[in-house]
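Notes for the one structure printed next.
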Ligand code: MLT
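Residue numbers (my numbering): 430 to 836.
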């Protein structure tokens with residue numbers, strides 16, 4: 430008899446964004462004439478940078494020739510892209526990362542979901558609340574949690590991110606082994622200072638723990654004093670893995686390219702207390718289960734670092750940040766409290782009501798889709814997340830409708 434991985438039965442019925450999509454679909458079926466504006470899932474809407482599409486086309490043409498054709502590439506990614514990343518994303522910020530510590534992949538979602546399989550079943554995991562659902566769900570699937578009760582899984586150390594701590598959680602009171610952090614934060618849009626991040630790095634060093642740092646939204650950091658990478662913090666190379674993505678910074682959500690940084694000093698331990706290189710383990714996993722991102726996509730990603738590519742990506746980020754500013758302005762005018770929107774494309778709004786109720790109200794009264802905060806965890810209840818990813822025209826229209834609906 431074929432039996433299932435019963436840990437899957439502990440999961441909430443469906444993935445948050447699928448759940449929202451279904452509700453929106455039902456609404457559209459019942460209101461076929463109403464135009465819905467989607468400010469829910471953080472999916473970019475603007476065209477890829479021309480520098481990337483030019484490189485993409487050229488690489489496809491190369492593949493059409495006997496000489497330029499390429500079969501399987503290196504699982505870890507082509508050197509041209511890894512070198513461009515090391516220089517532009519890290520060396521330029523004073524963070525020392527070598528190209529062979531960078532693993533190219535098809536998404537930060539996959540990498541943040543897959544990484545947990547390197548670690549033992551009985552580790553203690555600290556996960557912020559609210560949080561990007563992938564971190565938690567993948568650990569549930571792997572059997573690292575007990576039952577779900579009162580909005581939380583037993584066996585997880587939740588790091589409450591609330592308005593009282595400006596959505597930057599305090600260090601856990603009990604020792605933990607694996608810590609998920611995401612800054613600029615999804616969903617709250619909050620940021621962390623170098624000093625605050627240093628306390629996490631020091632904690633990890635003191636406790637032989639490991640930090641999984643999701644920096645998928647670093648491109649939206651406007652304040653130069655804020656860290657874009659955890660490797661800007663002294664001592665992080667031994668205790669942190671970082672996840673990055675071209676999805677939001679260069680419009681690659683549909684093109685798929687991301688990377689994970691695993692420094693060679695980064696270690697985890699066996700039961701006898703011997704240290705092992707996490708870089709070696711991740712490389713082993715990557716080679717076994719992944720065959721690399723396609724050559725044209727990697728060329729398109731490399732072009733992001735050309736002078737033209739950098740200018741176009743900057744323009745993309747500025748475009749979405751102008752949307753974010755308009756959302757913040759609207760919330761100010763309506764007297765709503767919010768976080769984010771200044772160094773992040775997400776605006777986390779305190780709704781003073783159940784977040785699914787708020788979601789339904791915005792959908793029904795304004796035809797605007799947001800993300801209910803409760804979908805990101807218990808501490809998210811009472812909040813909604815509005816994403817700045819859409820056309821400026823649509824954001825203007827959405828804000829007008831929200832003003833009318835909430836006035
Ligand atoms: C989000 O809306 O939280 C993100 O778009 C989800 C993702 O990047 O997978």
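The C-beta atom is built at its ideal place from N, Cα and C for all residues, glycine as well. The model shown is predicted, which means the values in this text are computed figures rather than measured ones.
Measuring alpha carbon to alpha carbon, tell me which of the options ends up nearest residue i.
i	options	result
residue 747	724, 725, 731, 773	773
residue 567	444, 798, 717, 734	444
residue 824	835, 461, 798	798
residue 667	690, 694, 466	694
residue 469	796, 807, 832	796
residue 526	689, 654, 828, 477	689
residue 792	600, 827, 803	827
residue 635	603, 457, 491	603
residue 549	737, 697, 771, 805	697
residue 685	754, 727, 701, 736	727
residue 703	637, 649, 628	637
residue 803	459, 591, 532, 536	591
residue 777	813, 771, 701	813
residue 771	676, 586, 751	751
residue 517	781, 485, 483, 736	736
residue 633	655, 651, 649, 665	665
residue 532	594, 519, 506, 547	506
residue 439	459, 573, 655, 449	573
residue 626	464, 659, 488, 547	659
Looking only at DSSP bridge pairs, what is residue i linked to?
i	result
residue 689	532, 672
residue 777	768, 814
residue 611	643
residue 587	556
residue 578	581
residue 467	798
residue 705	697
Would you report the Cα separation of residue i and residue j, rounded to the nearest angstrom?
i	j	result
residue 699	residue 705	7 Å
residue 631	residue 765	36 Å
residue 713	residue 570	22 Å
residue 678	residue 552	33 Å
residue 717	residue 783	45 Å
residue 790	residue 715	44 Å
residue 779	residue 811	6 Å
residue 815	residue 575	32 Å
residue 461	residue 467	15 Å
residue 621	residue 597	7 Å
residue 724	residue 495	15 Å
residue 430	residue 453	39 Å
residue 756	residue 833	14 Å
residue 820	residue 492	34 Å
residue 478	residue 501	26 Å
residue 577	residue 433	19 Å
residue 605	residue 661	23 Å
residue 613	residue 753	14 Å
residue 530	residue 509	14 Å
residue 545	residue 562	14 Å
residue 451	residue 831	22 Å
residue 781	residue 809	12 Å
Would you mind stating whether residue i and residue j have Cβ atoms separated by less than 7 Å?
i	j	result
residue 481	residue 740	no
residue 687	residue 534	yes
residue 472	residue 617	no
residue 745	residue 835	no
residue 775	residue 818	no
residue 555	residue 608	yes
residue 642	residue 624	no
residue 589	residue 558	yes
residue 580	residue 807	yes
residue 504	residue 683	no
residue 711	residue 733	no
residue 610	residue 640	yes
residue 511	residue 680	no
residue 560	residue 788	no
residue 619	residue 645	no
residue 647	residue 513	no
residue 528	residue 537	no
Exposed or buried, which one is residue i when buried takes at least 16 other CB atoms within 10 Å?
i	result
residue 523	exposed
residue 543	buried
residue 455	exposed
residue 708	buried
residue 800	buried
residue 565	buried
residue 759	buried
residue 653	exposed
residue 437	exposed
residue 761	exposed
residue 447	exposed
residue 499	exposed
residue 615	buried
residue 738	buried
How about residue i: is its C-beta nearer than 7 Å to some C-beta of chain C?
i	result
residue 786	The structure shown has no chain C; it contains just one protein chain.
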